[in-house]
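Please read the structure below before turning to the comments.
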Amino acid sequence: MSYTSRLAVRTAVEAANNTSFSVNKNSKLQSIVVRLAGDSGDGIQLMGSQFAVSTALSGRDFATFPDYPAEIRAPAGTTFGVSAYQINLGGDPITTAGDAPDVLVAFNPAALKVSLPMLRPGALIVLNNDSFTPRNLAKAGYADDPRNGNALDQYQVVLADISHLNLEAVRSFGLSKSEGGRCKNFWVLGLLLWMFDRELEPVEGWIRRRLGTKPTMRDANIAALHAGHAFGETAELSASLPQLSVDPARMAPGEYRSVTGAEALALGIAAAGELADRPVLFCSYPITPSSPLLHRLARLQELGVGTFQAEDEIAAICAAIGASYGGMIGVTSSSGPGIALKTEAMGLAVNAELPLLIVNWQRGGPSTGLPTKTEQSDLYQAVYGRNADTPIPVLAAASSGECFDMAVEGMRIAIRHMTPVILLVDGYLSNASEPWLIPGVESLPRIEDRPVPEVPAGSDAAMLAYQRDPESLGRPWVTPGMPGLVHRTGGLERDYVTGHISYDPDNHQRMTEFRQAKVDSVARFIPDQALELGDSNGDIVVVGWGSTYGPIYQAVRRTGASFVHLRHIHPLPRNLGTLLAGFDKVLVPEMNNGQLATLLRDKLGIKPVSYCKVSGQPFRISELAARIEAERNGDTR
Amino acid sequence: MSKALTAKDFASSQEVRWCPGCGDYAILKAVTKALADAGARPERTVFVSGIGCASRFPYYVETYGFHTIHGRAPAVATGLKLANPDLDVWVVTGDGDGLSIGGNHLLHTLRRNVGLKILLFNNEIYGLTKGQYSPTSRTGTVSPSSPTGSLEAPISPGRFALGAGARFFARAIDTDKTGLGEVLQQAHAFDGASFTEIFQNCIVYNEDVFAAFTDRNNAAEAQLHLRHGEPMLFGENDSKGIRFNPETFELEVIDATGSPGDVLVHDAGNAVLAQLLVELQTPVALGVIYRQPSEPFESAFYKHHPSRMRRTRRVAEFIRGPNAWTVE
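Protein sequences, first through last, are from chains A and B. For what it's worth, the numbering used here labels the leading residue of the first sequence as 4, then goes sequentially. For what it's worth, the numbering used here labels the leading residue of the second sequence as 1403, then goes sequentially.
Have a look at this one:
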């Protein structure tokens, strides 16, 4: 991909100290963090995701962080109604949405107020001048107009009459003021595309597809996009607006697309169905941030996928169990509170030895907690959180793209061992997008279930339904409709051999041990734990899981420590204990109060150091790096 | 063509563990007979149940059976029916399982009209947990959990079902071989969700709670056996009839010999009449009270699925998305 430098960084920018774009005319940026912030009704998420797509098409690596309030339309102009979209783009491997933004576009005073403390000194701020009315300033809690004082002295500030310029651009379409105002996000996107030297065509094409049935809105949005772009290009204004450029990423050859966790997981579920050659029935109840998966799957029907929106969380998992009992691949998905409701039914799937994939999009808790903010606090729930001895394998995806692999892996385990499997993802991954090397589904190994046995005359059908594989302890997937194998199953304890109800003490002992052995056996089928980064022994290893992969990766790279990232949470890879024994200290950063650390203590008998963050925001690279250094220094003292 | 099966062929080898004298035995017999009469195939028939005395039912029928968790049988059965609509799926539940802990699922299963044959064994008591009052127990029911009498108004299964949008509602008495047999036959044949309330005598915790109309001596005067298109007659020699009183908006008993022209003819397709019939106290309306077919959920589900749940395209065709790019 060719790149033409059109850097036009002006004196104001060059004067800024200590910033990632205090660059001279000939240099290029390694990466740049852009934050878009406005009211939840301003279309920030839409604009952000379109900017991400355009970033992908220009060949840059990127990571995004949509950060939006729980309210659908929180009162306009308030700080708690601010919706933001952060994107880190650049040529270096990008694994996080970035610590401190280099560029902020603030649609109103509240967006400025919320975002200002995050910015890097010298950052470029584009403000919608029109929104700085006394009323909006008051709603944002500004006693004085920040444009007038010295609060913004450290930054490059570009004031643009965005509302007004946008309305001018769309005036000829005869829209109402509010309809016209809704084009504002595309006006700003046009400006951004100019700043980053991007093509307008893909975004324009998207608007044409999306608004094909509303020609006036379609044309108005396109006009706004062009007007924003032209605003950037206009000579007299480019004095204050730098055109920013970053290197294209050095990425492995292949075909890429931009993908969110929800998209990748939906495709992974469909791929699992294809690999197992069975239809998939996805049963769920709407909950934040799990619903995007339901919406995605509802559009993949021709892949043999059906979706059922149940009356509640319990019905959702029960219908998925019913589907698995009937021979389809049953999948359900929710977030922590909904998973809690599904708990009893998980026990049924364990007892009945039925395959099932349970996806948990973790969010801040307890109770309703922080529905739109991310957290990793359902690990105890997944591993330990059921009545009785009810072990279930648990997996976790590290990135949006990896949601695909983990969905396939989860179904593979579920069908091989005839067990429910929990896949932990989180709110961050649901909406965050990243470039994804498109996998070849045809090259993946097929998902095989244990063949249903031949039925000799006079045999006990139930016994045949429970003839388990000696390695995986998975039983044959016998489903209603199969002649000669008629039997009863359910939640009551059953005889290990015959499958009939059994209250026999020795049998219950045996069944309890069998259920644990089955889950333990998963470890024999999974790869050994590999090091993500660093040497295999040393003073410190950082152990992570889930969506903290990105910031840990960067922090470890900066500090030269070692990094182990877990995808298989339960059971743990068999070599993990040996691997971690090569280090003086094990540091476990988590977005919870120390849950993986507990698991490692429990399963490996080691004493890891916890580093916990539960603010609803992802880890910053800088804070992780600082903590790694501090732990190191503590060691050497 | 395989040889015809008898009721005996549908009895499983498992030892039946209900209390001696329990009404469930009679129901089990009637159901196995109905299966045999309908020419059901054991491998294509599934009984799904929740928790409670009634929910042990699947173990005793020689078909596929899934004894699930408390109240959730309709949800499990819905998933099963979607996975394989060709199966003959029955749900066996009780008043606690179906109308208390599982009330939500029953409501939505009925409104969706999922093709399940739902049998609710109503004994107005919690049997398996040793006799607490249930959601159908009458106000004042004395039980271990209500020693001075229960305070709550009972739910009427018929009112519940019709309110939920059920397309088929019937009632029968556990020991009434003929009446129960007829109802089961129609419930089984119905294409959609059929909901049947069976008055079931709990001999241990709530004996004779329905005796006022189930007792042999009271039967003629206290039971109205409905048949679509036939006049609503009951009593000795069908001497009594039911008519609609337009002033009170209620059904009332009249002397059928005196004014036969006033006696209502049962129309199972009439939703308003069904509402009135489920309220009738004496006599108690039995048989198919309401029957108004509409498209079952599973059939709509497949009809609206562009590939009828088959895999007509490959993931590889979708996985690239609209904006893929190549890195050399």
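Even for Gly, the Cβ is constructed at its ideal location relative to N, Cα and C. The structure presented is a predicted model; accordingly, all values stated were derived computationally and were not measured.
For residue 503 of chain A, the chain B residues whose C-beta falls within less than 8 Å of its own C-beta are 1416, listed in chain order. In the three-state DSSP reduction, residue 453 of chain A falls in the coil class, being neither helix nor strand.
Counted as a single uninterrupted DSSP element, the alpha helix (DSSP H) harbouring residue 328 of chain A occupies residues 316-328. Going by C-alpha positions, residue 258 of chain A is about 30 Å away from residue 361 of chain A. By the Cβ neighbour-count rule, residue 380 of chain A is buried, with 16 or more other Cβ atoms within 10 Å of its own. Inter-residue distance for residue 606 of chain A and residue 428 of chain A is about 22 Å (C-alpha atoms, whole angstroms). Residue pairing for residue 1413 of chain B: DSSP places it in a beta bridge opposite B:1463. With contact defined as three or more Cβ pairs closer than 8 Å, the region 1423-1442 of chain B and the region 1450-1467 of chain B are in contact. Going by C-alpha positions, residue 503 of chain A is about 28 Å away from residue 425 of chain A. With fewer than 16 other Cβ atoms from the protein chains shown falling within 10 Å of its own Cβ, residue 1555 of chain B counts as exposed. Where residue 384 of chain A is concerned, there is no enclosing beta strand (DSSP E), although the alpha helix (DSSP H) around it starts and stops at 382-387. Straight through space, the alpha carbons of residue 549 of chain A and residue 627 of chain A are spaced by roughly 16 Å. Contacts between residue 277 of chain A and chain B, judged by CB atoms closer than 8 Å, involve 1713, 1716 and 1717 in chain order. Here residue 433 of chain A has 263, 264, 265, 292, 293, 295, 296 and 364 as same chain residues with Cβ atoms under 8 Å from its own Cβ, once five neighbours each way along the sequence are excluded.
Interface flag for residue 1727 of chain B against chain A is set, since a Cβ pair is found closer than 9 Å.
Ranking A:142, A:337 and A:282 by CA distance to the CA of residue 1713 of chain B puts A:282 first. For secondary structure counted as the beta strand (DSSP E) over 3 or more consecutive residues, the region 1545-1612 of chain B holds these complete runs in sequence order: 1570-1575 and 1596-1601. Two segments are said to touch when three or more pairs of C-beta atoms, one from each, lie closer than 8 Å; by this definition the region 1524-1539 of chain B touches the region 1500-1509 of chain B.
For residue 259 of chain A, the residues of chain B that pass the 9 Å Cβ criterion are 1726, 1727, 1728 and 1729, in the order they occur in the chain.
In this structure, residue 573 of chain A lies near residue 397 of chain A, with their beta-carbon atoms less than 9 Å apart. Residue 614 of chain A: member of the beta strand (DSSP E) spanning 612-615, first to last residue. Taking a C-beta distance under 9 Å as the contact criterion, residue 324 of chain A and residue 278 of chain A do not qualify as a contact pair. Residue 1613 of chain B counts as exposed, since fewer than 16 other C-beta atoms from the protein chains shown sit within 10 angstroms of its C-beta. Within chain A, 284, 286, 309, 311, 322, 325, 326, 329 and 331 have C-beta atoms less than 9 Å from the C-beta of residue 1484 of chain B, given in sequence order. Counting only unbroken stretches of 4 or more residues, the alpha helix (DSSP H) elements lying wholly within the region 488-536 of chain A are 508-524, in sequence order.
Under the three-state reduction of DSSP, residue 406 of chain A is assigned to helix.
Residue 1657 of chain B and residue 1631 of chain B have their C-alpha atoms spaced approximately 20 Å apart. Per the Cβ contact rule, the region 1436-1443 of chain B is not in contact with the region 324-337 of chain A (fewer than 3 Cβ pairs under 8 Å).
For residue 47 of chain A, there is no enclosing beta strand (DSSP E); the enclosing alpha helix (DSSP H) has its first and last residue at 47-60.
Each of A:301, A:272 and A:337 was checked against the Cα of residue 1717 of chain B, and the nearest Cα belongs to A:272.
Residue pairing by DSSP places residue 1495 of chain B opposite B:1522 in a beta bridge.
Residue 69 of chain A sits in a strand when the DSSP states are folded into three classes. Distances from the alpha-carbon of residue 1694 of chain B to those of B:1413, B:1667, B:1571 and B:1580 put B:1571 closest. If only uninterrupted beta strand (DSSP E) runs of at least 3 residues are considered, those enclosed by the region 99-123 of chain A are 106-109. At least one C-beta of chain B is nearer than 9 Å to the C-beta of residue 254 of chain A. Contact between residue 1436 of chain B and residue 1590 of chain B holds, since their C-beta atoms are separated by about 6 Å, short of 8 Å.
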